[in-house]
Amino acid sequence: MELVEAIILSVLAASTPLLIAATGELVTERCGVLNLGVEGMMIVGAACGFGGAWASGSIVVGALCGVLAGTALSLIFALMTLVLAVNQVATGLALTILGTGLSGLIGAGFVGQRITTAPHLHIPLLTNIPLLGRIVFGEDAFVYLSLALIIGVWWFLYRTRSGLILRACGDNHVSAHALGYPVLRIRLLAVMFGGACAGLAGAYLPLAYTPFFIPGMTAGRGWIALALVVFSSWRPGRLVVGAYLFGAVSILQLHAQGAGIGIPSQFMSALPYLATVIVLVLLSRTRRGGSTAPATLGTVFVPDR
Amino acid sequence: MQLVLEKRLEQSRTIALVSPLIAIALTLLTMSILFVLLGKNPLLALGVYFIDPLTDGYSLQEIAVKATPLVMIAIGLSLCYLANAWNIGAEGQLLIGAVAGSWIAVKTQGTDAGHWVLPAMLLAGAVAGALYALIPALCRVKFGASEILTSLMLVYVADLLLDYLVRGPWRDPAGFNFPTTAEFDPVATVPVLIEGGRLHLGSLIALLVVASAFVVLGRTIMGFEIRVVGAAPRAARFAGFNADHLILLTFAISGALAGLAGIIEVAGPIGHLQPGISPGYGFTAIIVAFLGRLNPVGILIAGLFLALTFIGGEQAQITMKIPLDVTKVFQGILLFYVLACDSFILYRFRLVSRQVTHGIG
Amino acid sequence: MSELLSDDPSRSDTPLLQALGLTKRYGAFVANDAIDIEVCGGQIHALLGENGAGKSTLVKAIYGLIQPDSGELRWQGQRIVLAGPAQARALGIGMVFQHFSLFENLTVAENVALGLDGRESFKAMSARLDEVARAYGLPLDPKREVWQLSVGERQRIEIVRVLMQNPKFLILDEPTAVLTPQEADQLFVVLKRLRAEGRAILYISHKLEEVKLLCDTATVLRAGRKVAACDPRQETAASLARMMVGTEVKEVKAAGTRRITVPRLVVNDLNLAPEDTHGVRLRQISLELKGGEIFGIAGVAGNGQDELFAALSGERLVREPGTVVIDGIACGHLSITQRRRLGAAFVPEERLGHGTAPRMKLSENALLTGHAAGDMVHHGFVDAAATLRAVDRATKTFDVRKAKRDPEAASLSGGNLQKFVVGREILRGPAVLIVNQPTWGVDAGAAAVIRQALLDLADAGAAVLVTSQDLDELIEIADRIAVMFHGRLSAPLSRAEATREKLGLLMGGSSIADKEPVHAAGA
Numbered sequence: 001m002e003l004v005e006a007i008i009l010s011v012l013a014a015s016t017p018l019l020i021a022a023t024g025e026l027v028t029e030r031c032g033v034l035n036l037g038v039e040g041m042m043i044v045g046a047a048c049g050f051g052g053a054w055a056s057g058s059i060v061v062g063a064l065c066g067v068l069a070g071t072a073l074s075l076i077f078a079l080m081t082l083v084l085a086v087n088q089v090a091t092g093l094a095l096t097i098l099g100t101g102l103s104g105l106i107g108a109g110f111v112g113q114r115i116t117t118a119p120h121l122h123i124p125l126l127t128n129i130p131l132l133g134r135i136v137f138g139e140d141a142f143v144y145l146s147l148a149l150i151i152g153v154w155w156f157l158y159r160t161r162s163g164l165i166l167r168a169c170g171d172n173h174v175s176a177h178a179l180g181y182p183v184l185r186i187r188l189l190a191v192m193f194g195g196a197c198a199g200l201a202g203a204y205l206p207l208a209y210t211p212f213f214i215p216g217m218t219a220g221r222g223w224i225a226l227a228l229v230v231f232s233s234w235r236p237g238r239l240v241v242g243a244y245l246f247g248a249v250s251i252l253q254l255h256a257q258g259a260g261i262g263i264p265s266q267f268m269s270a271l272p273y274l275a276t277v278i279v280l281v282l283l284s285r286t287r288r289g290g291s292t293a294p295a296t297l298g299t300v301f302v303p304d305r
Numbered sequence: 001m002q003l004v005l006e007k008r009l010e011q012s013r014t015i016a017l018v019s020p021l022i023a024i025a026l027t028l029l030t031m032s033i034l035f036v037l038l039g040k041n042p043l044l045a046l047g048v049y050f051i052d053p054l055t056d057g058y059s060l061q062e063i064a065v066k067a068t069p070l071v072m073i074a075i076g077l078s079l080c081y082l083a084n085a086w087n088i089g090a091e092g093q094l095l096i097g098a099v100a101g102s103w104i105a106v107k108t109q110g111t112d113a114g115h116w117v118l119p120a121m122l123l124a125g126a127v128a129g130a131l132y133a134l135i136p137a138l139c140r141v142k143f144g145a146s147e148i149l150t151s152l153m154l155v156y157v158a159d160l161l162l163d164y165l166v167r168g169p170w171r172d173p174a175g176f177n178f179p180t181t182a183e184f185d186p187v188a189t190v191p192v193l194i195e196g197g198r199l200h201l202g203s204l205i206a207l208l209v210v211a212s213a214f215v216v217l218g219r220t221i222m223g224f225e226i227r228v229v230g231a232a233p234r235a236a237r238f239a240g241f242n243a244d245h246l247i248l249l250t251f252a253i254s255g256a257l258a259g260l261a262g263i264i265e266v267a268g269p270i271g272h273l274q275p276g277i278s279p280g281y282g283f284t285a286i287i288v289a290f291l292g293r294l295n296p297v298g299i300l301i302a303g304l305f306l307a308l309t310f311i312g313g314e315q316a317q318i319t320m321k322i323p324l325d326v327t328k329v330f331q332g333i334l335l336f337y338v339l340a341c342d343s344f345i346l347y348r349f350r351l352v353s354r355q356v357t358h359g360i361g
Numbered sequence: 001m002s003e004l005l006s007d008d009p010s011r012s013d014t015p016l017l018q019a020l021g022l023t024k025r026y027g028a029f030v031a032n033d034a035i036d037i038e039v040c041g042g043q044i045h046a047l048l049g050e051n052g053a054g055k056s057t058l059v060k061a062i063y064g065l066i067q068p069d070s071g072e073l074r075w076q077g078q079r080i081v082l083a084g085p086a087q088a089r090a091l092g093i094g095m096v097f098q099h100f101s102l103f104e105n106l107t108v109a110e111n112v113a114l115g116l117d118g119r120e121s122f123k124a125m126s127a128r129l130d131e132v133a134r135a136y137g138l139p140l141d142p143k144r145e146v147w148q149l150s151v152g153e154r155q156r157i158e159i160v161r162v163l164m165q166n167p168k169f170l171i172l173d174e175p176t177a178v179l180t181p182q183e184a185d186q187l188f189v190v191l192k193r194l195r196a197e198g199r200a201i202l203y204i205s206h207k208l209e210e211v212k213l214l215c216d217t218a219t220v221l222r223a224g225r226k227v228a229a230c231d232p233r234q235e236t237a238a239s240l241a242r243m244m245v246g247t248e249v250k251e252v253k254a255a256g257t258r259r260i261t262v263p264r265l266v267v268n269d270l271n272l273a274p275e276d277t278h279g280v281r282l283r284q285i286s287l288e289l290k291g292g293e294i295f296g297i298a299g300v301a302g303n304g305q306d307e308l309f310a311a312l313s314g315e316r317l318v319r320e321p322g323t324v325v326i327d328g329i330a331c332g333h334l335s336i337t338q339r340r341r342l343g344a345a346f347v348p349e350e351r352l353g354h355g356t357a358p359r360m361k362l363s364e365n366a367l368l369t370g371h372a373a374g375d376m377v378h379h380g381f382v383d384a385a386a387t388l389r390a391v392d393r394a395t396k397t398f399d400v401r402k403a404k405r406d407p408e409a410a411s412l413s414g415g416n417l418q419k420f421v422v423g424r425e426i427l428r429g430p431a432v433l434i435v436n437q438p439t440w441g442v443d444a445g446a447a448a449v450i451r452q453a454l455l456d457l458a459d460a461g462a463a464v465l466v467t468s469q470d471l472d473e474l475i476e477i478a479d480r481i482a483v484m485f486h487g488r489l490s491a492p493l494s495r496a497e498a499t500r501e502k503l504g505l506l507m508g509g510s511s512i513a514d515k516e517p518v519h520a521a522g523a
């Protein structure tokens with residue numbers, strides 16, 4: 001019982017940064033923009049988030065710093081791809097390279113420092129329910145926030161007019177422009193939201209997942225978040241499933257290593273990455289001859305004035 | 001008045017020539033600001049980065065040595081990118097090539113093997129790199145899976161494989177438990193070109209690769225096919241060019257070059273297999289490819305330039321205590337500026353007068 | 001709905017909309033040059049001009065999509081400045097675009113909602129949508145996704161979307177370009193009703209017979225300037241054409257009766273599934289084309305023309321080699337390069353992006369199809385001089401106007417690029433030429449050159465297959481005409497039998513055995 005509870009808790013924790021980052025990228029991609037810089041924005045979010053929390057003593061301030069850092073980087077991306085019509089793939093890669101370097105610079109002073117991690121919810125009686133108690137009522141704020149975010153995004157995309165307009169921009173930016181919608185401005189907001197989420201997801205790592213910062217601590221989670229968006233067919237419901245599945249794979253291999261199964265640790269560590277490749281292949285195969293990706297994803301749009 | 005972006009009628013030749021220079025100038029400016037923020041003298045720092053390494057014979061050789069893998073990999077990447085196939089996993093292909101070539105070195109260690117060892121290692125490195133690159137290529141061609149994500153995931157896998165091998169089965173028993181193989185035998189080492197120097201055969205191979213790419217891209221029908229497939233896929237199909245074959249081919253060539261670069265690094269400057277044989281050459285090569293405008297000669301120059309910054313960065317860390325991450329930041333910023341300036345080859349800004357809005361209703 | 005306007009005093013007295021001295025430049029190119037135009041309520045006002053005359057630019061300015069460089073707009077006598085289409089809509093101006101502003105993967109209701117200003121709830125809008133659609137005889141199913149609908153149905157969405165704004169002024173940009181003659185008639189019924197309700201309609205077209213039947217007054221544009229205002233009912237098609245083009249258009253001449261020889265292109269029972277879910281399945285297509293013949297394929301866009309082109313050209317292969325036979329050789333399994341070596345040449349519909357690589361030079365684009373046979377490639381190396389010679393030859397023979405010897409394809413005007421693309425293929429001396437939409441979006445002069453070139457090629461003994469949406473063009477040059485509908489090809493009609501009525505019926509799907517429901521285009 002205790003072990004099952006511990007495993008589920010660790011899966012939730014491992015999945016949360018994936019879910020948050022992927023939620024942001026889902027919105028960005030639904031609008032037609034492919035931002036490959038998620039890893040870069042996450043890692044800068046991690047460095048700034050930790051720095052903010054360490055300097056101020058407050059997790060909330062740290063989280064905000066992470067969000068701002070991610071948003072700031074996404075603005076550079078937006079300037080390049082939306083204003084200067086630069087190729088989105090190249091810009092996203094550049095963003096990741098820059099972000100990795102920046103986070104090393106910013107975080108250099110924080111290596112070795114420690115903070116108190118985000119507190120977990122504690123409701124008397126409810127949190128003490130065996131098995132479910134801590135899972136449902138004993139999480140830290142980030143976990144609840146991640147779920148609120150994805151539900152909010154679902155409601156926004158499918159139940160509001162603004163969400164409809166955003167989806168329209170992703171489907172056909174020429175039509176959206178012809179109807180008078182400010183496509184570039186909407187995309188800017190979507191990109192910023194993606195950056196904010198990536199920054200928050202990155203900040204989660206040193207603020208709640210572990211109480212310290214290591215350079216490179218995102219370890220490719222940003223890329224996995226990108227794969228998750230593909231896996232979800234750009235639908236919020238499936239995104240939650242995917243995030244928890246991937247979180248489970250990455251956690252279970254850690255537990256397996258700990259349990260002393262005789263497979264070399266490196267092979268176990270490689271599992272999440274191999275799983276990503278396999279999932280991408282299987283998914284794309286079933287959709288041959290008709291992708292469900294937003295039709296304008298990754299294409300340049302220069303409005304006719 | 002408002003600034004709007006519009007497409008040019010024809011690509012601007014002047015901008016194409018001038019843009020890398022402007023990008024470099026802007027980068028230097030930004031870096032100076034960064035240095036000031038770090039509390040360092042910007043002029044001094046820029047000097048250490050860019051001028052000092054050019055003054056010393058030894059560091060000139062080091063630049064060539066560092067540029068070799070960058071240029072080789074970047075040429076391969078340029079072929080992929082021209083075909084609109086995004087190989088992001090060159091780092092992984094480099095590692096796999098290093099592993100495959102090292103396998104021969106490790107297996108023949110201590111035996112009296114002949115001079116076939118080194119060529120065999122290089123061949124193994126290239127073939128292994130090519131095969132590893134074909135995995136994401138096949139995933140894209142057969143299944144439509146994003147080659148960006150698959151090639152990148154495989155980098156992590158390759159890194160872990162290397163880690164496993166040097167900590168486990170291939171670890172030098174006499175190596176004090178360090179995660180490394182034993183030093184390679186002389187027959188398994190890339191020969192040096194100048195006695196006592198660092199410049200090695202790999203640099204010549206790199207130059208050969210540049211020359212070949214120049215001829216292929218500029219003069220042959222295959223180079224034309226690659227360019228059309230990337231620039232206008234429907235027109236390529238109309239021309240009878242098989243996009244799938246070209247993606248597989250460019251990935252294979254790119255993987256082979258990365259693998260070759262990997263084994264040359266290991267069998268040359270480093271001399272044995274260990275974790276961290278590459279300070280991210282596979283990723284820096286992406287910058288080199290873009291900075292060089294996906295053009296072989298441009299890549300040669302860009303490779304040398306970025307190698308210069310690597311050497312400069314190492315020096316700056318020693319003499320001015322500037323963190324090594326600054327080099328990465330510099331490379332990222334440079335890539336941004338290059339992409340931004342290149343945008344003006346295709347587009348330009350125009351001032352439009354916007355009359356003030358006084359609509360009725 | 002119509003009560004709103006019956007009390008409107010501005011009806012037919014002051015013009016509803018006026019443009020005075022409207023000018024718009026794109027760099028050095030003047031799209032609109034000091035244009036004056038007036039549209040009154042209760043009128044259908046035609047805007048005439050050939051491709052490139054500036055009609056689309058003018059109406060985009062009226063709709064607020066682009067900003068004029070000088071001149072002014074007046075609405076009911078008062079000066080207005082439109083920052084965007086939302087303001088135009090608020091005033092009561094509605095526009096039905098030539099290229100629909102629809103979202104394929106969204107539903108009909110969502111598409112309509114996006115064209116409105118969102119002040120009412122989605123539910124209320126859906127109810128009103130149903131009401132308006134029924135009232136004007138344009139039924140729509142709000143839950144279907146647009147990619148499943150035919151072109152005529154998509155236009156219905158555009159029109160209903162505009163009608164729901166209760167516009168006083170309606171702009172229609174080439175609405176019948178993608179309709180069968182019968183569908184066009186249905187549209188005219190709706191337009192006449194709107195006119196009777198007192199609304200103003202600006203009707204862009206280059207179809208002169210249509211304009212004479214429908215419109216009360218006309219403004220003619222030529223090269224960006226207004227050259228005439230007239231009553232089309234008093235003019236002849238020839239006089240209108242002269243106003244549009246400026247000179248007498250050269251009539252294409254066939255060199256007397258042509259010698260018809262052996263079958264050069266034969267298609268035997270071609271069946272092909274579409275490549276993606278939005279495509280059309282080809283069913284049991286058969287035809288036989290002899291040397292010296294021009295065979296026309298009519299049909300509204302989206303009935304399988306692209307798929308047929310891909311199958312005939314070799315961009316898509318078929319399993320049974322005998323399905324496509326060129327000069328007696330079964331080639332269904334052969335690639336496009338191999339078919340070119342057999343003597344076939346192809347001109348696709350989309351000249352930029354399919355027929356040429358837009359950002360590449362003309363010489364490189366010559367290599368695109370020329371590498372298959374001829375002297376451009378030796379042992380894998382490209383002979384650049386040979387490619388330039390091909391460009392020069394095409395330029396001279398087909399009068400391609402360009403700024404320099406070897407410019408990028410995208411920098412040429414539509415007509416000139418099309419002359420290059422067609423010329424490039426004809427100069428290879430093909431035995432079979434398959435061409436899709438040869439003069440779409442091309443000015444009258446270039447169109448005449450191209451049609452004459454096709455006739456000359458047939459005179460020389462080649463077999464020419466022309467697919468076109470322009471019935472007039474086919475009637476002019478084709479010896480036999482068949483119609484594509486839902487992936488099937490009708491039996492061909494001879495020149496004598498091919499009347500617009502008959503062709504129109506076939507284009508609309510009548511008298512072709514089709515057991516499938518009309519909407520399942522991709523099943």
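Protein chains in written order, with the numbering used here: chain A, 1 to 305; chain B, 1 to 361; chain C, 1 to 523. Think of the CB as a built atom: it goes at the ideal place given N, C-alpha and C, for glycine as much as any other residue. Only a predicted model underlies this, so the values are computations on that prediction, with no experimental measurement involved.
On the CB-based measure, 16 or more other CB atoms within 10 Å of its CB, does B/R140 come out buried or exposed?
buried
Under 7 Å, CB to CB, which of the residues in the stretch 82 to 114 of chain C have a partner in chain A?
G84, P85, A86, F97, S101, L102, F103, E104, N105, L106, E110, A113 and L114
Taking the alpha carbon of A/S103 as the reference point, which residue from A/F50, A/I251, A/P236 and A/Y244 has its own alpha carbon closest?
A/F50
Contact criterion: CB-CB distance below 7 Å. Does A/S284 meet it with respect to chain C?
no
In terms of residues, what are the limits of the beta strand (DSSP E) holding B/P69?
Run containing B/P69: none in the beta strand (DSSP E); it sits in the alpha helix (DSSP H), G57 to L82.
Chain-ordered chain A contacts of B/W86 [CB-CB under 7 Å]:
V89
What residues from chain A crowd round C/G118, counting only those whose CB sits closer than 7 Å?
R161
8 Å CB neighbourhood of C/R451 in its chain, flanking five on each side removed:
V252, P438, T439, E473, E476 and I477
Counting pairs of Cβ atoms below 8 Å between the stretch 30 to 48 of chain A and the stretch 190 to 207 of chain A, do you hit three or more?
yes
C-beta contact flag for B/W86 and B/E147 at 7 Å
yes
Nearest candidate by alpha-carbon position, reference A/Y181, set A/S162, A/F193, A/V191 and A/G195:
A/S162
Taking buried to mean at least 16 other C-beta atoms within 10 Å of its own C-beta, is C/K123 buried or exposed?
exposed
Status (buried if at least 16 other CB within 10 Å, exposed otherwise) for C/F100:
buried
If we cut at 7 Å on Cβ distances, does C/F188 have a partner in chain B?
no
A/L34 versus B/E225 - alpha carbon distance
27 Å
Quick check: is the beta carbon of B/G240 nearer than 7 Å to any beta carbon in chain C?
yes
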